[in-house]
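Peer 1:
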Amino acid sequence: MSNAIKIHRFPLSGHCHRVELFSSLTGINYELVEVDLANGEHKRDPFLKLNPVGLVPVIEDGSTVLSDSNAILVYLARKYAPDWLPTDPYLEAEVHRFLAFAAGELASGPGAARLITVFGRPLDPERAKSVAKVAFDNLEAHLDGREWLVGDRPTIADIAIYSYTAHAPEGNVSLEPYPRIRGLLKRIEDLPGFVAMPATKAGLAA
Ligand SMILES: N[C@@H](CCC(=O)N[C@@H](CS)C(=O)NCC(=O)O)C(=O)O
1 MSNAIKIHRF
11 PLSGHCHRVE
21 LFSSLTGINY
31 ELVEVDLANG
41 EHKRDPFLKL
51 NPVGLVPVIE
61 DGSTVLSDSN
71 AILVYLARKY
81 APDWLPTDPY
91 LEAEVHRFLA
101 FAAGELASGP
111 GAARLITVFG
121 RPLDPERAKS
131 VAKVAFDNLE
141 AHLDGREWLV
151 GDRPTIADIA
161 IYSYTAHAPE
171 GNVSLEPYPR
181 IRGLLKRIED
191 LPGFVAMPAT
201 KAGLAA
């Protein structure tokens, strides 16, 4: 029997991509299980038995079932790749600050902007773009004099912010004004084992 971790995912979801990316970068043995969001597979059994909230991603690691992309990153790092989650109290707290940023401003800014252009979600594009501007202005300022978001090596903080930042142009949010952010994305893309999320033709990237 395979001991690969199952990642239940949708290929164009940045939340799912961050889990796949981290697994690939750290050499975790994983297999991808596609969830048919368009046909509502995530809103009925057996998927709802894995995650009653009805959202991807979910992982199965043996008998352990876990949802929420950032919680999954914490779990995988602690169990399989501890160098990616510092134990120093301040640095660990900094990592969690960026996980909260990824779940907050990044999801409701560039993430939401891309939901509108790629998936036709009825959200407010101006609000999404103004949240994205504040989020990226703050990220750019944080990266002054830093190679990575926390400490002097990549952590799960960098992985958590990667997917929706790199794909922001698909939501008509340009990364042109942000050279330090683009530098961070490039450093992540240069890591051995990097896997990309498929690009869509929406937005500035069209
Ligand atoms: N906080 C969750 C958010 C996950 C999430 O929003 N997943 C989206 C795909 S990106 C989803 O499953 N959407 C299906 C739906 O809304 O019906 C996480 O970090 O995993």
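Per the UniProt record's numbering, the very first residue in the sequence shown carries number 1; after that it's consecutive.
Glycine residues also receive a C-beta, built at the ideal position from the N, C-alpha and C atoms.
Source: prediction; values computed, not measured.
1) In the DSSP assignment, find the beta strand (DSSP E) that holds Tyr30 and state where it starts and stops.
2) Excluding the 5 residues preceding and the 5 following Lys6 in the sequence, name in chain order all residues of the same chain whose CB lies nearer than 7 Å to its CB.
3) Quick check on this structure: which residue in Ile159, Ala196, Phe47, Ser130 has the alpha carbon closest to the alpha carbon of Ser174?
4) Does the beta carbon of His42 fall short of 8 Å from some heavy atom of ligand 1?
5) What residues match up with Lys6 in a beta bridge as DSSP calls it?
6) Taking Cβ positions, are Asp83 and Arg153 nearer each other than 9 Å?
7) Mind checking Leu184: buried by the 16 CB within 10 Å criterion, or exposed?
8) Let me know the secondary structure DSSP gives Val65 once reduced to three states.
9) In this structure, how does DSSP classify Ala47 when only helix, strand and coil are distinguished?
10) Smallest Cα separation from Phe136: which of His15, Gly111, Gly120?
11) How should Tyr90 be labelled, buried or exposed, when 16 other C-beta atoms within 10 angstroms of its C-beta is the threshold for buried?
12) Could you give the DSSP three-state label for Glu176: helix, strand or coil?
13) Any heavy atom of ligand 1 closer than 8 Å to the Cβ of Ser130?
14) I'd like the span of the alpha helix (DSSP H) that includes His42, first residue to last.
15) Does at least one heavy atom of ligand 1 sit under 8 Å from the Cβ of Asp68?
Peer 2: Taking the definition as stated:
1) 30-34
2) Answer for Lys6: Glu31, Val33, Ile59, Glu60, listed in chain order.
3) Ser130
4) yes
5) Glu31, Glu60
6) yes
7) buried
8) strand
9) The question names Ala, but residue 47 in the sequence shown is Phe. Helix, per DSSP.
10) Taking each of His15, Gly111, Gly120 in turn and checking the Cα distance to Phe136, the smallest one comes out for Gly111.
11) Counting Cβ neighbours within 10 Å, Tyr90 comes out exposed, since fewer than 16 surround it.
12) In this structure, Glu176 counts as coil in the three-state DSSP scheme.
13) no
14) No alpha helix (DSSP H) contains His42, which DSSP labels as neither H nor E.
15) yes
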